[in-house]
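Asker: The sequence shown begins at 357 in my numbering and counts up by one.
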Amino acid sequence: MNWVTIQCAVRGRGHVSSGTPCQDKTFSIVKDACSVCALADGAGSASHSHFGAEAVTQAICNYMAENFDLIINEDGAAVKRNILAVIGERLETLCSEKGCAIRDLASTLLFVAEKGGKFIICHIGDGVIGYVKEGKVLVASQPENGEFANTTVFTTSSNAIASMRLIKGDLKQISGFILMSDGTETSFYNKRNKALSPSLARLTRLASVCTPDYMSQKLNCTFEDLVKQQTSDDCSIVLMSRSPGSRGYMDFSEKDKCEFLGLANTRVSRKRLRSFDKALTVLQSWGTYRAIKRRLHLRGKKLDRILKRLDNANILETREDGRYKSALRAFFV
357 MNWVTIQCAV
367 RGRGHVSSGT
377 PCQDKTFSIV
387 KDACSVCALA
397 DGAGSASHSH
407 FGAEAVTQAI
417 CNYMAENFDL
427 IINEDGAAVK
437 RNILAVIGER
447 LETLCSEKGC
457 AIRDLASTLL
467 FVAEKGGKFI
477 ICHIGDGVIG
487 YVKEGKVLVA
497 SQPENGEFAN
507 TTVFTTSSNA
517 IASMRLIKGD
527 LKQISGFILM
537 SDGTETSFYN
547 KRNKALSPSL
557 ARLTRLASVC
567 TPDYMSQKLN
577 CTFEDLVKQQ
587 TSDDCSIVLM
597 SRSPGSRGYM
607 DFSEKDKCEF
617 LGLANTRVSR
627 KRLRSFDKAL
637 TVLQSWGTYR
647 AIKRRLHLRG
657 KKLDRILKRL
667 DNANILETRE
677 DGRYKSALRA
687 FFV
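(1) Tell me whether Glu-470 sits in a helix, a strand or coil according to DSSP, three-state version.
(2) Can you tell me whether Arg-646 is buried or exposed, with buried defined as 16 or more other CB within 10 angstroms of its CB?
(3) Could you give the residue range of the beta strand (DSSP E) that holds Ile-427?
(4) By the DSSP assignment, the beta strand (DSSP E) with Val-565 in it spans what residues?
(5) On the CB-based measure, 16 or more other CB atoms within 10 Å of its CB, does Lys-627 come out buried or exposed?
(6) Here's a check: name, in chain order, each residue in its chain whose Cβ is nearer than 6 Å to the Cβ of Ser-597, leaving out the five neighbours to either side.
(7) Out of Val-484, Ser-543 and Leu-426, point me to the one whose CA is closest to Arg-521's CA.
(8) Can you name, in chain order, every residue of its own chain whose Cβ lies under 7 Å from the Cβ of Gly-502, other than the five neighbours on each side?
(9) Between which two residues does the beta strand (DSSP E) containing Ser-401 stretch?
(10) With 16 as the cutoff for other CB atoms within 10 Å, does Thr-413 come out buried or exposed?
(11) Reducing DSSP to helix, strand and coil, say where Phe-616 ends up.
(12) Taking the C-alpha atoms as reference points, what is the distance between Leu-654 and Lys-681?
(13) Short of 7 Å in beta carbon distance, which residues of its chain neighbour Phe-608, apart from the five on each side in sequence? Order them along the chain.
(14) Do Ile-362 and Leu-595 have their beta-carbon atoms positioned less than 8 Å apart in this structure?
(15) List the residues that DSSP assigns as beta-bridge partners of Ala-396.
(16) Within 10 angstroms of its Cβ, does Ala-505 collect 16 or more other Cβ (buried), or is it exposed?
(17) Locate the beta strand (DSSP E) running through Ala-496, then write down its first and last residues.
(18) Whole angstroms is fine: what's the gap from Thr-674's alpha carbon to Tyr-605's?
(19) Are there 16 or more other CB atoms within 10 angstroms of the CB of Cys-417, so buried, or fewer, so exposed?
(20) Which residue's Cα is closest to the Cα of Leu-579: Asn-358, Met-536 and Thr-567?
(21) Is Cys-393 near Val-493, with beta carbons less than 8 Å apart?
(22) Which class does Phe-510 belong to by DSSP, given the choice of helix, strand or coil?
(23) Work out the CA separation of Asp-388 and Asp-406 for me, nearest whole Å.
(24) Rounding to the nearest angstrom, what Cα-Cα distance links Arg-623 and Asn-668 in this structure?
(25) Rounded to whole angstroms, what's the CA-CA distance from Ile-307 to Tyr-487? Just pull it up for me.
(26) DSSP on Lys-387, reduced to helix/strand/coil?
(27) Determine, using beta-carbon pairs with one atom in the segment 397-406 and one in the segment 632-643, whether at least three such pairs fall under 8 Å.
(28) In three-state DSSP terms, what is Arg-521?
(29) Please identify the residue among Leu-465, Glu-448 and Gly-444 whose C-alpha is closest to the C-alpha of Phe-383.
(30) Assuming Ala-683 contacts Tyr-570 under a Cβ cut-off of 8 Å, what Cβ separation, rounded to an integer in Å, is found between them?
(31) Roughly how many whole angstroms lie between the Cα atoms of Arg-446 and Ile-648?
(32) In this structure, does DSSP put His-371 in helix, strand or coil?
(33) List, from N- to C-terminal side, the beta strand (DSSP E) runs of 3 residues or more that fit wholly inside the segment 589-672.
(34) Can the beta-carbon of Asp-380 be found closer than 8 Å to that of Ala-409?
(35) For Cys-456, which residues of its own chain have a beta-carbon under 6 Å away from its beta-carbon, when the five flanking residues on both sides are left out?
Structural data, given as structure tokens:
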């Protein structure tokens, strides 16, 4: 099965006020049947940390994609040393380019790589890595804080290898991974209970079936309007979701479709799914209300209910000219 990656990083209110650039950076790549995504949060005290964060996310994604088959079977201690070597080499080169010290490029680093039914997780510093298994959102790696309050470990820290978390495993029932910076933690992570918000399961499910452009737009709007308002820090997130199949939503079971649309899993609801499936097929391209109504042979009130349900499920796009289109990825019927 294919994996879909959606990423978002917004500049924090504090950084807007001070004129500081967004120091959260994300990156993803698919190469040699390997999907990798990474997130880095540049240190606020480091003058060039936004450059460092960008550099390490790109370097580690390429390294993992090109070497996954070797790394998955390699000793954990050796993997950690090699990861830091790759990061260190890239940062040394960047130091020469920017004329700065390596400490000026400090950042955290979180990444996930998957290939052939296996995964590798790595975490340096704060932020949270989560995963979705059988519909539940679970924590894979919690924030790593430094010796003193409000401090953390960075890619350039002397104790980076000692604090680095490395996890390897089989995907099995895992359907999604979530990476988030400490700014995003404020909205989605309960520090007291050490638990992630269940709403992330819905986000990863949406990411698995909706078009990347639509999901990116939705995420950015949500982060600008809601998430960043809860903190002064930059906020970033990466969602890596397992696609249910080549036909996306249409490959869902009836039970999953009911859950996705917010319907009770009853016999009556399962019969109603046919109307939604037909509507989503017609809505693969933009259409006016009248044209959609004519093609579906529906009365106005029934079409209104269908469109409202799809809108509430966040899978309906509406244009100012009154045209509608499904936000789902295109599929063949």
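Heads up, the beta-carbon is just placed ideally off N, CA and C, and yes, glycines get one too. Keep in mind the model is a prediction, meaning the values are calculated, not measured.
Answerer: With the given structure in hand:
(1) In the sequence shown, the residue the question calls residue 470 occupies position 114. In the structure shown, Glu-470 falls within a strand segment according to DSSP collapsed to helix, strand and coil.
(2) Position 290 of the sequence shown holds residue 646. Classification of Arg-646: exposed, given that the 10 Å Cβ count is below 16.
(3) Translated into positions along the sequence shown, residue 427 becomes position 71. Counting along the chain, Ile-427 sits inside no beta strand (DSSP E); it lies in the alpha helix (DSSP H) bounded by residues 405-427.
(4) Position 209 of the sequence shown, counted from the start, is the residue given in the question as residue 565. Here Val-565 belongs to no beta strand (DSSP E); instead the alpha helix (DSSP H) covers 555-565.
(5) Along the sequence shown, read from residue 1 onward, the residue named residue 627 stands at position 271. So Lys-627 counts as exposed.
(6) Along the sequence shown, one-based indexing puts residue 597 at 241. Within the same chain, Ser-597 has close Cβ partners Val-360, Gly-532, Thr-560, Ala-563 and Ser-564.
(7) Taking the sequence shown and counting its residues from 1, the one referred to as residue 521 is at position 165. Here the closest residue by C-alpha is Val-484.
(8) Translated into the one-based positions of the sequence shown, residue 502 becomes position 146. Low confidence applies here, because Gly-502 scores a pLDDT of 49, under 50, leaving its location unreliable; read the following figure in that light. The residues Thr-508 and Val-509, in chain order, have a CB closer than 7 Å to that of Gly-502 in the same chain once the five nearest residues on each side in sequence are set aside.
(9) One-based indexing of the sequence shown puts residue 401 at position 45. Following the DSSP letters along the chain, one finds Ser-401 in no beta strand (DSSP E), marked with neither H nor E.
(10) Position 57 of the sequence shown, counted from the first residue, corresponds to residue 413. Buried.
(11) Counted from its first residue, the sequence shown places residue 616 at position 260. Here Phe-616 sits in helix by DSSP.
(12) Along the sequence shown, read from residue 1 onward, the residue named residue 654 stands at position 298. Along the sequence shown, read from residue 1 onward, the residue named residue 681 stands at position 325. Each residue's alpha carbon lies about 17 Å from the other.
(13) Here the question's residue 608 lines up with position 252 in the sequence shown. Pro-600 and Phe-616.
(14) Stepping through the sequence shown from its first residue, residue 595 is reached at position 239. Stepping through the sequence shown from its first residue, residue 362 is reached at position 6. Here Leu-595 is near Ile-362, since their CB atoms are less than 8 Å apart.
(15) What you label residue 396 is simply residue 40 of the sequence shown in a count that begins at 1. According to DSSP, Ala-396 bridges with Lys-381.
(16) Mapped onto the sequence shown, residue 505 falls at position 149. In this prediction, Ala-505 has a pLDDT of 44, which is less than 50 and means its spatial position is unreliable; nothing more can be read from the coordinates.
(17) Here residue 496 refers to the residue found at position 140 of the sequence shown. Secondary structure note for Ala-496: its beta strand (DSSP E) is the uninterrupted segment 492-497.
(18) As a position in the sequence shown, residue 674 is number 318, starting the count at 1. As a position in the sequence shown, residue 605 is number 249, starting the count at 1. In this structure, the CA atom of Thr-674 is about 19 Å from the CA atom of Tyr-605.
(19) Along the sequence shown, read from residue 1 onward, the residue named residue 417 stands at position 61. Buried: at least 16 other Cβ atoms inside 10 Å.
(20) Position 223 of the sequence shown holds residue 579. The sequence as given places Phe at residue 579; Leu does not occur at that position. If we check each option's Cα against that of Phe-579, Met-536 comes out closest.
(21) Position 37 of the sequence shown, counted from the first residue, corresponds to residue 393. Position 137 of the sequence shown, counted from the first residue, corresponds to residue 493. Result no, Cβ atoms of Cys-393 and Val-493 do not sit closer than 8 Å.
(22) Taking the sequence shown and counting its residues from 1, one reaches residue 510 at position 154. In the structure shown, Phe-510 sits in coil (DSSP, three-state: anything other than H, G, I, E or B).
(23) As a first step, residue 406 must be located in the sequence shown, where it is residue number 50. As a first step, residue 388 must be located in the sequence shown, where it is residue number 32. Here the sequence assigns His to residue 406, which means Asp is not the residue at that position. Going by the C-alpha atoms only, they are around 28 Å apart.
(24) The sequence position of residue 623 within the sequence shown is 267, counting from 1. The sequence position of residue 668 within the sequence shown is 312, counting from 1. Answer to the nearest angstrom: the Cα atoms are 22 Å apart.
(25) The question about residue 307 has no answer, for the chain in this structure spans 357 to 689.
(26) By one-based count along the sequence shown, residue 387 stands at place 31. In the structure shown, Lys-387 sits in a strand (DSSP, three-state: E or B).
(27) Taking 8 Å as the limit for Cβ pairs, the verdict is that the segment 632-643 does not touch the segment 397-406.
(28) Stepping through the sequence shown from its first residue, residue 521 is reached at position 165. Of the three classes helix, strand and coil, the one that applies to Arg-521 here is strand, per DSSP.
(29) Within the sequence shown, the letter at position 27 stands for residue 383. Relative to Phe-383, the option among Leu-465, Glu-448 and Gly-444 whose CA is nearest is Leu-465.
(30) Counting from one through the sequence shown, the residue named residue 683 turns up at place 327. Counting from one through the sequence shown, the residue named residue 570 turns up at place 214. Confirmed, Cβ separation roughly 4 Å.
(31) The residue you call residue 446 lines up with position 90 of the sequence shown. The residue you call residue 648 lines up with position 292 of the sequence shown. Approximately 54 Å between the Cα atoms of the pair.
(32) Sequence index remark: in the sequence shown, residue 371 carries index 15 (1-based). Under the three-state reduction of DSSP, His-371 is assigned to helix.
(33) Annotation note: the segment 589-672 contains the following uninterrupted beta strand (DSSP E) runs of length 3 or greater, listed N- to C-terminal: 591-598.
(34) Your numbering for residue 380 matches position 24 in the sequence shown. Your numbering for residue 409 matches position 53 in the sequence shown. Yes; because the gap between Cβ atoms is below 8 Å, this pair is in contact.
(35) Taking the sequence shown and counting its residues from 1, the one referred to as residue 456 is at position 100. Answer for Cys-456: His-404, listed in chain order.
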